[in-house]
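For the record, the sequence lines run as chains A and B. Residues 1076 to 1289 (the numbering used here) are what the first sequence spells out, left to right. Residues 1076 to 1289 (the numbering used here) are what the second sequence spells out, left to right. Just so you know, even glycine gets a beta-carbon here, dropped at the ideal spot from N, CA and C. All figures in this text were calculated on a predicted structure; none of them were measured in a lab. Heads up: the structure comes next, in structure tokens.
There are 2 protein chains.
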Amino acid sequence: MTAQQTALVIDDHPLVARGIADFLQSHCAFSLVSAVTDVEDLWRHLATSALPALIVVDFWLPGGASLTLLSELKAKCPHTLLLVISADDNAAVEGKVQAAGVQGFLNKQEAPEVFVHAINTIMNGDTWFNNAEQRLLNAYQPNELPVTSQELGLTARQGQILSMVMNGLPNKRIAKALNLTEQTVKEHVSGILNRLGVNNRVEAMTKLRGKRLE
Amino acid sequence: MTAQQTALVIDDHPLVARGIADFLQSHCAFSLVSAVTDVEDLWRHLATSALPALIVVDFWLPGGASLTLLSELKAKCPHTLLLVISADDNAAVEGKVQAAGVQGFLNKQEAPEVFVHAINTIMNGDTWFNNAEQRLLNAYQPNELPVTSQELGLTARQGQILSMVMNGLPNKRIAKALNLTEQTVKEHVSGILNRLGVNNRVEAMTKLRGKRLE
DNA sequence: CGTACAACCCTACCAAAGTAGGGTGCCCAG
DNA sequence: CTGGGCACCCTACTTTGGTAGGGTTGTACG
């Protein structure tokens, strides 16, 4: 690659965008790396400057805008390479991005050397994706606010059962797993529902959505 | 503040940590800002260097470690100021952090000038928090992967009903809202469960956990 | 010592969720 | 025009979830 190529980074967190841009400029062979924080800025930049050789796109743009943005970018700048970065380890995200036809996907957690390697790979015309199969196993939700059973006013046993309820287990399987009568489980569940002020397990699930037990 | 104070940034994404650290060093009056990416590194750094005046902590450390980390830091470095930064706009997060007794909370999305202002406020002995009441309204879940009903093989009506199921509505209320018989709703739900390969609505909820319909 | 509470068991009952089978009207493609 | 898919309705049934009664044990606390 020549020394005259430019790149563009879009991330809704200004400091992050600037940090990645600076890193690319100092560690990869780009003559200029710009940083923008929203989609409007991105289009404005593309309209007023020469097309960059590479655009780095944060996956979690506000409102889930990134997927539509990617297809628009592919349509309007077919020769520009696209690298998507994400803060979480969700295999589904990588699959979606890969299906969108971009050149690479990378986790923000990766070491700086991996960044450099990925960028060079993409600039050479290859693609960069992690082994999706490997990651299918741990498709967990990383951004869950931890909550202890005590904060909810639950006993230890209730907390244990609540976590199984939150994972979708029916009473029968909970009873089997804990060597209890289904009735006993029901009573624990009733206690939990009372404590949470809800009428059934589904309401409990929606009430605690986005939280992680213990 | 003097020109000899140092700061420390902990964020599990190396580029982000480095970017924020560089920004603090160039825009605030710190003589040295270090960046670490995990808790072990943090303790190692604190043991081998002079205590920093300020530690910037990313809220979403792996495994939800940040809350316990904050209380440990308060215990072991009571004179060090703590600023927590987070990528999302969740009022509950800010409340938790404030309860942990740190000096400030800030969203990564904020403009760089706000960062500078917040840092200066904290370094002067004040605290920096957003108006939690204002934000209680939009305590939404930002990181939800969008999924269309078509991708799931569902009809439009089924998708509509699925989204209500995902929000915890029982069949009776769905029927009332859509002017349908409860029976008709049940049949739609049955169709959805079949399509998703699950046995009941609770399994459907856990299967689609972290996704957002349409 | 007595009280309180958590955890466990039981029977019995009712409401909600889900299944099966059969029927109507609509619209669209072959 | 005919078959198929979709949305809607119905009756009837089974399974699961949740509540309400009452009872036993163990343990922690004043």
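Check	Outcome
Residue range of the unbroken beta strand (DSSP E) whose run includes A:R1270	No beta strand (DSSP E) contains A:R1270, which is instead part of the alpha helix (DSSP H) from E1257 to L1271.
Identity of the residues DSSP links to B:F1180 by a beta bridge	B:V1159
Limits of the unbroken alpha helix (DSSP H) element including B:S1141	S1141 to K1151
Among A:R1093, A:W1203 and A:E1262, nearest to A:T1230 - alpha-carbon criterion	A:E1262
Runs of beta strand (DSSP E) lying entirely within the stretch 1085-1125 of chain A, each at least 3 residues, in chain order	1107-1111
Counted within 10 angstroms of its Cβ, other Cβ atoms place B:E1028 as buried (16 or more) or exposed	Examination of residue 1028 of chain B is not possible in this model, given that chain B is present from 1076 through 1289 alone.
Where B:A1193 falls: helix, strand or coil (DSSP)	helix
Neighbour list for A:F1098 in chain B, Cβ cutoff strictly below 8 Å	L1090, R1093 and G1094
B:R1287: first and last residue of the uninterrupted alpha helix (DSSP H) it sits in	First-last for B:R1287: K1286 to L1288, but that is the beta strand (DSSP E), not the alpha helix (DSSP H).
Simplified DSSP assignment, three categories, for A:R1210	Because A:R1210 carries a pLDDT of 42, less than 50, the predicted location of this residue cannot be relied on, and no value is offered for it.
B:F1180 at chain A interface by Cβ criterion, 8 Å	no
Proximity test, Cβ basis, 8 Å: A:R1270 and chain B	no
Inter-residue CB distance, A:K1282 and A:L1271 (contact presumed, cutoff 8 Å)	6 Å
Endpoints, alpha helix (DSSP H) assigned at B:L1237	A1231 to M1241
Beta-ladder partner(s) of A:P1245, from DSSP	Answer is none; A:P1245 lacks a bridge partner.
Distance between A:Q1173 and B:F1190 (C-alpha atoms, nearest Å)	35 Å
The stretch 1094-1111 of chain B touching the stretch 1134-1142 of chain B, judged by at least three CB pairs closer than 8 Å	no
Selected residue, minimal CA-CA separation from B:S1161, among B:K1183, B:N1275 and B:L1148	B:K1183
Minimum Cβ-Cβ distance from A:K1183 to chain B less than 8 Å	yes
For B:W1135, the nearest candidate out of B:R1248, B:F1105, B:V1168 and B:L1107 (CA to CA)	B:V1168
is_contact[A:V1277, chain B] using C-beta, thresh 8 Å	yes
Unbroken beta strand (DSSP E) run spanning B:D1133, endpoints	L1129 to D1133
Residue-level contact to chain B via CB, A:M1280, 8 Å cutoff	yes
A:N1242: contacting residues in chain B (beta-carbon distance under 7 Å)	T1281
CA-to-CA distance, A:V1222 to B:R1276, given in whole angstroms	24 Å
Whole-angstrom C-beta distance between A:L1158 and A:L1181, which should lie under 8 Å	6 Å
Neighbourhood of A:N1274 by C-beta distance below 6 Å, restricted to the same chain and skipping five residues each side	none
B:N1082 (DSSP reduced to helix, strand or coil)	Reading off the sequence shown, one finds Ala at residue 1082 of chain B, where the question assumed Asn. Strand.
Pick from B:R1232, B:K1151, B:V1177 and B:D1201 that is closest to B:L1255, judged by C-alpha positions	B:R1232
Reduced DSSP category for A:L1227 - H, G, I as helix; E, B as strand; rest coil	helix
Where B:L1136 falls: helix, strand or coil (DSSP)	coil
Beta carbon proximity, A:V1168 to chain B, threshold 8 Å	yes
Cutoff 8 Å: A:F1190 Cβ touching any chain B Cβ	yes
Chain B residues whose Cβ lies nearer than 8 Å to that of A:D1133	Correct list: empty, because the minimum Cβ distance to chain B is about 10 Å.
Of the residues A:I1267, A:S1265, A:N1199 and A:S1238, the one placed nearest A:L1253, counting alpha carbons only	A:S1238
Near-chain A residues of the stretch 1139-1157 of chain B (beta-carbon distance less than 7 Å), N- to C-terminal order	G1139 and L1142
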